[in-house]
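The structure under discussion appears below in the form of structure tokens.
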Amino acid sequence: MLVTDLRARFREEGITPSLVADFQRHVLEFYAAKGRHDMEWRHTNDPYKIVVSEIMLQQTQVPRVAVIYPKFIERFPDFSALAKAEQTDVLSAWQGMGYNRRALNLQKLAGVIVNEYNGTVPQDPLVLKNLPGIGPATSCSIAAFAFNRPVVFIETNIRRVFIHYFFEDDKIVDDSELLPLVTAMLPENPREWYWALMDLGTALKASVQNPNQRSRHYTKQKTFEGSDRKIRGNVLKKMLERKTGDPEMFAKEMDEDPARVRRIMDKIAGEGFFVRESETVYRLSGSSPDEGDARQG
Numbered sequence: 000m001l002v003t004d005l006r007a008r009f010r011e012e013g014i015t016p017s018l019v020a021d022f023q024r025h026v027l028e029f030y031a032a033k034g035r036h037d038m039e040w041r042h043t044n045d046p047y048k049i050v051v052s053e054i055m056l057q058q059t060q061v062p063r064v065a066v067i068y069p070k071f072i073e074r075f076p077d078f079s080a081l082a083k084a085e086q087t088d089v090l091s092a093w094q095g096m097g098y099n100r101r102a103l104n105l106q107k108l109a110g111v112i113v114n115e116y117n118g119t120v121p122q123d124p125l126v127l128k129n130l131p132g133i134g135p136a137t138s139c140s141i142a143a144f145a146f147n148r149p150v151v152f153i154e155t156n157i158r159r160v161f162i163h164y165f166f167e168d169d170k171i172v173d174d175s176e177l178l179p180l181v182t183a184m185l186p187e188n189p190r191e192w193y194w195a196l197m198d199l200g201t202a203l204k205a206s207v208q209n210p211n212q213r214s215r216h217y218t219k220q221k222t223f224e225g226s227d228r229k230i231r232g233n234v235l236k237k238m239l240e241r242k243t244g245d246p247e248m249f250a251k252e253m254d255e256d257p258a259r260v261r262r263i264m265d266k267i268a269g270e271g272f273f274v275r276e277s278e279t280v281y282r283l284s285g286s287s288p289d290e291g292d293a294r295q296g
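Residues 0 to 296 (numbering that gives the first Met the number 0) make up the sequence shown, in order.
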């Protein structure tokens with residue numbers, strides 16, 4: 000079996016040229032036969048479109064992104080259009096993605112690119128990672144996918160692949176143990192390589208017990224049903240529709256505890272999404288009081 004063979008050779012000989020060649024061949028053959036070649040963002044070199052897709056994919060599954068991404072790009076076709084847009088329009092276009100703060104960070108990022116970088120995305124991950132909404136992994140994925148830069152990084156699917164193939168017998172695996180392998184395995188075409196690794200990692204998720212559970216960096220995602228995150232999403236959706244609202248009304252409509260809904264709305268207001276106008280009335284940032292009153296009626 001290939002996995003067993005690769006693992007045994009790694010244990011006995013370390014990272015050898017033949018190990019690298021065989022693993023690369025296996026990953027790229029998988030990608031050619033079973034890769035996800037229909038993703039719209041994989042058919043462009045436009046840095047803007049790739050930045051949008053990478054921010055969307057941070058915490059949202061591919062099928063949902065596949066639906067919302069083309070509509071978002073059509074509505075905001077470049078950094079300039081996104082930077083100039085009304086915040087409420089951006090949040091509205093983001094609906095269904097979850098983690099709405101990413102939408103605001105993406106708009107802030109667009110403003111920085113337009114105003115500080117003359118509309119050109121920096122290619123250096125060290126620069127990218129300090130921009131709004133972009134961390135170390137996303138900065139590298141943008142560099143790889145937009146510019147085919149030979150960067151080395153680890154994200155969920157990449158981690159799953161390397162733990163499965165080379166550390167099956169280890170109870171706890173640190174990313175520092177994976178990095179030499181990730182570095183050595185990187186071929187001349189980083190863009191396609193990372194697509195292939197991510198697709199293989201996604202396939203492994205459905206076929207084996209999650210190897211990432213043995214990663215020192217593993218955290219189990221909290222259940223969405225009944226969570227503050229779900230209430231938060233429902234509240235924001237209602238506010239986008241009506242522009243104003245109050246916790247008591249929303250709690251009744253959602254069959255939730257009014258105190259819990261108020262706490263969540265206060266937190267959202269503290270983040271700048273809402274403006275608290277009184278003890279009972281919250282307004283969506285960027286909308287006028289008159290507009291909100293009219294929508295309520």
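We put the beta carbon where it would ideally sit given N, CA and C, even for glycine.
Per-residue burial, residue i [other beta carbons within 10 Å of its own, 16 or more giving buried]
{"i": "K242", "result": "buried"}
{"i": "G271", "result": "exposed"}
{"i": "E53", "result": "buried"}
{"i": "L1", "result": "exposed"}
{"i": "Y68", "result": "buried"}
{"i": "K48", "result": "buried"}
{"i": "G13", "result": "exposed"}
{"i": "G200", "result": "buried"}
{"i": "A20", "result": "exposed"}
{"i": "P246", "result": "buried"}
{"i": "T137", "result": "buried"}
{"i": "A7", "result": "exposed"}
{"i": "S277", "result": "exposed"}
{"i": "S287", "result": "At S287, the pLDDT of 41 sits below 50, so the modelled position is not reliable and the matter cannot be decided from this model."}
{"i": "V190", "result": "Position check: residue 190 holds Arg in this sequence, whereas Val was assumed. It is buried - the Cβ of R190 has at least 16 other Cβ atoms within 10 Å."}
Span of the beta strand (DSSP E), counted from its first residue to its last, around residue i
{"i": "Y281", "result": "281-283"}
{"i": "F152", "result": "Unbroken run through F152: none, as it is neither H nor E."}
{"i": "F273", "result": "273-275"}
heavy atom of the ligand SAM below 7 Å from residue i C-beta
{"i": "T87", "result": "Ligands in the displayed structure: none, and consequently the ligand SAM is not present."}
Bounding residues of the alpha helix (DSSP H) (the contiguous stretch that carries residue i)
{"i": "K251", "result": "246-253"}
{"i": "V64", "result": "61-74"}
{"i": "K170", "result": "No alpha helix (DSSP H) contains K170, which DSSP labels as neither H nor E."}
{"i": "I133", "result": "Run containing I133: none; DSSP gives neither H nor E here."}
{"i": "Q86", "result": "86-93"}
{"i": "V19", "result": "16-33"}
{"i": "Y47", "result": "46-56"}
{"i": "T3", "result": "1-12"}
{"i": "L185", "result": "Looking at the DSSP string, L185 is not in any alpha helix (DSSP H), and its letter there is neither H nor E."}
{"i": "E115", "result": "100-115"}
{"i": "S206", "result": "189-206"}
{"i": "V260", "result": "257-269"}
{"i": "S299", "result": "Examination of residue 299 is not possible in this model, given that the chain is present from 0 through 296 alone."}
Bridge partners - residue i, DSSP secondary structure assignment
{"i": "T243", "result": "R282"}
{"i": "S214", "result": "V172"}
Whole-angstrom C-beta distance between residue j and residue i, which should lie under 8 Å
{"i": "R282", "j": "F273", "result": "7 Å"}
{"i": "P46", "j": "V126", "result": "About 13 Å separates the two Cβ atoms, so there is no contact after all."}
{"i": "L81", "j": "Q106", "result": "6 Å"}
{"i": "I157", "j": "L196", "result": "5 Å"}
{"i": "I141", "j": "D174", "result": "That belief does not hold up - the Cβ atoms of I141 and D174 are roughly 20 Å apart, past 8 Å."}
{"i": "L18", "j": "Y164", "result": "The Cβ separation is near 10 Å, so there is no contact."}
{"i": "F71", "j": "A92", "result": "5 Å"}
{"i": "W192", "j": "L203", "result": "Going by Cβ atoms, the distance from W192 to L203 rounds to 16 Å, so no, they are not a contact pair."}
{"i": "S214", "j": "V172", "result": "5 Å"}
{"i": "M253", "j": "G244", "result": "No, M253 and G244 are not in contact; Cβ-Cβ is about 11 Å, not under 8 Å."}
{"i": "F75", "j": "A84", "result": "6 Å"}
{"i": "V150", "j": "L178", "result": "Going by Cβ atoms, the distance from V150 to L178 rounds to 12 Å, so no, they are not a contact pair."}
{"i": "R159", "j": "N211", "result": "5 Å"}
{"i": "N298", "j": "A143", "result": "One cannot answer for residue 298 here, as it falls past the ends of the chain, which runs 0 to 296."}
Three CB pairs or more closer than 8 Å across the region 104-121 and the region 130-140
yes
Are there three or more Cβ pairs, one per stretch, closer than 8 Å when the region 54-63 is compared with the region 25-34?
no
Is the region 93-101 touching the region 231-248 in the sense that three or more CB pairs, one from each, lie closer than 8 Å?
yes
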